[in-house]
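Below is one structure, written out as structure tokens; the observations come after it.
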Amino acid sequence: STLTTKERKKAFDKIFKEKIVPFLETNGFQLYSKTTKRFFKLLPHQLSVYIYFEFKTFGSGFYDISIVYYDEELGPADGDVYLSSVSGRKPHIKATTMASLQSSVEDWIQKMQQTVIPFIETHSTHQSILQDAYQFYFSNPRQGECFELLKRKSLL
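Quick note: to get our numbering, add 6 to the position in the sequence shown (first position is 1).
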């Protein structure tokens, strides 16, 4: 049967702790805090990458992720000033029934392992982000500043 909002949140919290947290920890990510659905990984030269989980109510509802890079020189990672975010589709988790939630999480982990984790590993330096800038979104007001920082830190 279709999960109520309360049931979905409870079921997702359980699966999040049992499956998603261990998977991302195995890949070098740390949970930002016990109460958030946010993970981070520290990278060289003040660079860090965060994965945020968010429930979207579009259609029957699903959990989506955002992948955002920060550089401490621009501002702290818990602030609003990010370096870039990953463009394009990312795997999401459907959560209408208990069965769909469980199988969707298994699919999500597989897709993350096959595409997203390798992408992040490939893009773990300022230089690699700069080289593939077309795969990232940069905030318009700070775009120039972000590219200057990427160019400068690519030489490190």
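Glycine included, C-beta positions come from ideal geometry on N, C-alpha and C.
Only a predicted model underlies this, so the values are computations on that prediction, with no experimental measurement involved.
- For Lys43, the secondary structure class from DSSP, reduced to helix, strand or coil, is coil.
- With respect to Ser160, Gln133 sits close: the two C-beta atoms are nearer than 7 Å.
- Collapsing the DSSP output to three states places Leu48 in a strand.
- Per DSSP, the beta bridge partners of Gln36 are Phe46.
- Between the beta-carbon of Glu79 and that of Gln52 there is about 6 Å, and that keeps the pair under the 8 Å contact cut.
- Nearest to Thr102 by alpha-carbon distance, out of Tyr76, Thr63, Asp138, Met118, is Thr63.
- As DSSP reads the structure, Tyr75 sits in a beta bridge with Val55, Ser90.
- Between Ala83 and Tyr56 the beta-carbon gap is near 6 Å, inside 8 Å, which marks them as a contact.
- Ranked by how close their Cα comes to the Cα of Lys96, the residues Tyr88, Tyr76, Gly81, Met118 have Met118 in first place.
- Just measuring C-alpha positions, the residue of Lys100, Lys20, Gly85, Trp114 sitting nearest Gly65 is Lys100.
- Bridge partners of Glu60 according to DSSP: Asp70.
- Scanning Tyr58, Asn33, Val92, Ser39 for the CA closest to the CA of Tyr140 turns up Val92.
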